[in-house]
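Enquirer:
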Amino acid sequence: MVEFKVVINDVKNGKSYQVPVAGHHANSLVGKKIGDEVDGIFISLPGYKLQITGGTDKDGFAMRHDLPGISRRRLLLSEGLGFKPKENGMRKKKSVKGNTVNLDIVQINMKVVKYSSKPIDKLITVEKSDEEGKPEDKEEEK
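Under my numbering, think of the first position of the sequence shown as 15, with each following residue one higher.
#1: Mind checking which residues open and close the beta strand (DSSP E) that includes Asn23?
#2: Whole angstroms are fine: how far does the CA of Val33 sit from the CA of Ser143?
#3: Could you give the uninterrupted runs of the beta strand (DSSP E) lying entirely in the region 16 to 88, keeping only those of 3 residues or more?
#4: Bridge partners of Asn123, per DSSP?
#5: DSSP three-state call for Leu91: helix, strand or coil?
#6: Please state the DSSP three-state secondary structure of Val111.
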């Protein structure tokens with residue numbers, strides 16, 4: 015089964031939220047590319063539009079927007095995502111992942127493009143309080 019950790023960046027507030035996504039909602043994200051807009055219903059944020067900005071694979075290699083496909087490649091990088099040179103003109107060979115979401119991806123980074131009438135804080139905290147309430151009920155039954 016496909017499972018992702020989605021990190022949502024709220025541009026207005028400057029806050030980030032981490033939401034686990036599994037099942038058929040996660041399957042709908044497979045095949046999307048960096049820069050694609052996704053409906054918020056897949057991340058349990060109805061009414062929101064989100065844009066994929068990046069991510070990492072199971073081994074921690076970053077996705078790069080200018081590398082097509084799903085494969086991991088070793089590129090000679092001079093700057094940008096995956097490498098920050100310490101000297102001017104420095105280049106280095108680094109492994110980076112392609113720009114398409116596949117089953118090897120563990121984390122997907124997104125930013126909010128279109129907002130809904132309900133704030134993100136309310137929608138995400140409702141899910142957390144439901145998850146926290148379930149173990150307490152089990153303990154009370156014992």
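For glycine and all other residues, C-beta sits at the position ideal for the given N, C-alpha and C.
Expert: The relevant details are as follows:
#1: 17 to 24
#2: Note that Ser143 scores 48 on pLDDT, short of 50, meaning its location in the model is unreliable; the coordinates nonetheless yield the value given after this. Going from the Cα of Ser143 to the Cα of Val33 covers about 14 Å.
#3: 17 to 24, 29 to 36, 51 to 53, 63 to 71
#4: Val21, Gly68
#5: strand
#6: According to the sequence shown, residue 111 is Lys rather than Val. In the structure shown, Lys111 sits in a strand (DSSP, three-state: E or B).
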